[in-house]
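Structure, as C-alpha cells:
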Amino acid sequence: MDLLRFITAGSVDDGKSTLIGRLLYDSKNILIDQLEALEKSTKNRADGSVDLALLTDGLRAEREQGITIDVAYRYFSTPKRKFIIADAPGHVQYTRNMITGASNANLIIILVDARQGVVEQTRRHSIIASLLKIKHVVVAVNKMDLVEYSQDVYNNILIDYAEVAKQLGLNNVTYIPISALNGDNIVDKSETITWYEGKPLLEFLEAVEIDNDINLTDARFQVQLVIRPQTEELHDYRGYAGTVTSGTYKVGDKVIVLPAGIETTISTLEAGGKQVDEVFAPQSVTIQLADDIDISRGDSIVKSDNQPQVSNELDVLLCWMDDKPLIPGNKYYLQHGSRLVRSVVKHVEYKLDVNSLQQQPVEGNVKLNEVVKAVIKTASPVVFDSYDKLSENGSAVLIDETSNSTVAAVLIK
C-alpha cells in the first residue's frame, strides 16, 4: 500500500481541524478510548454534538482559543492507502509552521469558507503551495450548509480561485463542496449536494495518482552511512547506504562521486538485504563500487552523463524561522540531506511578499516568518539541483551553530 502525505490549510475558523476530525471519525480511525475522551470533553456543548476539532488541536492553548498553533500530524489508513495528515495553522504569524508541514506533502487541501470566499489567507497558502511545488491542490469549499448548499456560491468561488491558480501556475486543481461539520462529501457522497457529480474527498484522496510525481530521470544518491563490517567473511566489504533520491541505478552503470569528481562503476546493488540488478527512487539501498575511493557521509553518487550542480555559492529563497533576526554575515550550518557544511549568509537581495509574490526592499534585519532571496557561501562544495527541477535535492535547512536549532528553510534556486 502506498502512502499519501497531505496538508490542510486555510484561514482561521475555516474548519481544518473539524475536517480532519470528520475524516478520522467517519473512516473509523479513532480508537475507543479517544472517542470516549472526546465525548467527555464535549458533553457540555449546547447541542450535545462531539467537537471533532479536538482530535487534532492537542495543545492546551489551542483548545482554549479554539485555534491551531503547531503542526499536528495524524496517521490513518483505509484498505486502499495509508495517509499522513499535517494540520497546519492558518494565522499569518505561523507561516514557518505552515512551510514546515507542507515541505514534504504530495497534496494540499486548501479550505475556503463558503461565506467568505477566496480571501488573503487563501492566496498566501496557495503561494506557499506554488513555492514548494506541491503537485496536487484540492480546494475544499467548506460550510456549504451555512449558504444553503448554493451552487451559485460554489461556482463563484471556483471562478475566483481559478484566477489565483492561473497566476501561480497551479495546474492540477480539484474542487469539492463539503460540510465538515455535517459530513457532506467527506467520506460518503452528500445526499444534499445533489448537483455535485465528482468524488467525495476521501475517495479522491484514495485515488489520486502520485507515482508519476517521482523523478525517475535524474539519478541522485547521497551517502548516509559507509558500511565497513571488517569481519573475516567480509574483510574487504565497503558499501554505501542511503536512499535513492531520484532516478534509477543498475549494476555496471558509470557513475561519478561528487564533490570529489572521481569516476567509477557500480559493482553491486543491495536492497532489502538481497543483491539486485536495479534500484530506483525512493528505495533504501546499499551501493558497492568497483574502485576503492575515499567516500564519506554526505557525498553524492550520480551518473556520469547526468550530473547535478556543484558549488559553494548558492542563490536561495529563505523562510526565516527563528525569533532572533537574520543578520547578513552571520554563520550557520547548512544541512543538505545528510551533508552538513559551515556557511555564511553573504547578503540578502530582497524580501518576497507571501501575499502577492512582489519583491520588496529589506528594511533592517530579516525577521521571523519573512521569506527572502539571499546568497549563501559554504565552506565546502554542495551537490544540488534547483528546487524547481528536483525539490528533494534542492532543499536544505540552516542551523544555528550555538543553539543547534533550525533557523531557516532553504529553497535553492
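For what it's worth, my numbering labels the leading residue of the sequence shown as 475, then goes sequentially. In this text, a Cβ means the ideal position worked out from N, Cα and C, and glycines have one as well. On a predicted model such as this, the values are computed, not experimentally measured, just so you know.
Residue range of the unbroken beta strand (DSSP E) whose run includes K748:
748-750
Straight-line gap, K777 to I730 (C-alpha atoms, nearest Å)
6 Å
Within the region 769-837, ranges of the beta strand (DSSP E) (whole runs, at least 3 residues):
The region 769-837 contains these whole beta strand (DSSP E) runs: 774-777, 783-794, 805-810, 813-826.
Return helix, strand or coil for S604, following the three-state DSSP convention.
helix
Burial state of T542, where buried means 16 or more other Cβ atoms lie within 10 Å
Unreliable placement is indicated for T542, whose pLDDT of 45 sits below 50; the coordinate value is still reported in the next sentence. Looking at its Cβ environment, which holds 16 or more other Cβ atoms inside 10 Å, T542 is buried.
Am I right that S812 and Q696 are in contact with their C-beta atoms under 8 Å? What's the rounded C-beta distance?
6 Å
State yes or no: is the C-beta of N804 within less than 7 Å of the C-beta of V822?
no
If you count every other CB in all the chains shown that lies within 10 Å of the CB of D768, and 16 or more means buried, which is it?
Per the 10 Å Cβ criterion, exposed.
Rounded to whole angstroms, how far is the Cβ of I740 from the Cβ of V725, which I believe are closer than 8 Å?
6 Å
What do you reckon, are the CB atoms on P782 and V857 nearer than 7 Å?
Yes, they are a contact pair.
Straight-line CA distance for V884 to L679?
29 Å
Candidates V784, L676, V647, of which the one nearest I559 by Cα
The shortest C-alpha separation from I559 is found at L676.
Compare the C-alpha of V423 against each of G868, A654, L606, L642 and name the closest.
This structure gives no information on residue 423, because the portion of the chain shown stretches from 475 to 887.
L497 to K607 span [Cα, whole Å]:
25 Å
Based on Cα-Cα distance, which residue from N630, E622, G591, A562 lies nearest to A603?
The candidate whose alpha carbon is nearest that of A603 is A562.
Which of helix, strand or coil DSSP assigns to Y714:
strand
Roughly how many angstroms lie between the CA atoms of S774 and P733, to the nearest whole one?
Whole-angstrom Cα-Cα distance: 7 Å.
Once you ignore the five residues that flank T880 on each side, which residues in its own chain have a CB closer than 6 Å to its CB?
V871, I873
Quick one: complete beta strand (DSSP E) runs, 3+ long, within the region 549-621?
Secondary structure within the region 549-621: the beta strand (DSSP E) runs of 3 or more consecutive residues, fully enclosed, are 556-561, 581-587, 610-616 (chain order).
Pairwise C-alpha distance: D779 and S501:
48 Å
How should E536 be labelled, buried or exposed, when 16 other C-beta atoms within 10 angstroms of its C-beta is the threshold for buried?
At E536, the pLDDT of 43 sits below 50, so the modelled position is not reliable; the number obtained from the coordinates is stated separately. Under this definition E536 is a buried residue.
Using a Cβ-Cβ distance under 7 Å, would V836 count as near chain C?
Looking at the structure shown, chain C is missing, and only one protein chain is on hand.
CA-CA distance, P651 and D487?
17 Å
Measure the C-alpha to C-alpha separation of A745 and R712 and round it to an integer number of angstroms.
15 Å
Residues that V846 bridges to, as DSSP identifies them:
Note: V846 is bridge-paired with L792, K825 in the DSSP secondary-structure output.
Is DSSP giving R496 helix, strand or coil here?
helix
Any contact between the region 685-692 and the region 661-676? By contact I mean 3 or more CB pairs, one from each, below 8 Å.
no
Got a sec, what are the start and stop residues for the alpha helix (DSSP H) Y635 sits in?
Secondary structure note for Y635: its alpha helix (DSSP H) is the uninterrupted segment 625-642.
Quick check: what's the CA-CA separation for S491 versus E866?
28 Å
May I ask you to report which of helix, strand or coil DSSP gives K663?
coil
Under a three-way DSSP split, which group does Q679 fall into?
Sequence check: residue 679 is Leu here, not Gln. In this structure, L679 counts as helix in the three-state DSSP scheme.
Which first and last residues belong to the beta strand (DSSP E) in which V647 is found?
647-651
Could you tell me if T668 is buried or exposed, where buried requires 16 or more neighbouring beta carbons within 10 angstroms of its beta carbon?
Taking a 10 Å sphere around the C-beta of T668, we find fewer than 16 other C-beta atoms and assign the residue as exposed.
Separation of D587 from E824, as counted between CA atoms:
Looking at the sequence shown, residue 824 is not Glu but Tyr. Straight through space, the alpha carbons of D587 and Y824 are spaced by roughly 33 Å.
Identify which residue in K617, D619, Y628, T596 has its Cα closest to the Cα of A639.
T596
Whose CA, out of E787, Y807, G575, G591, lies closest to the CA of N630?
G591
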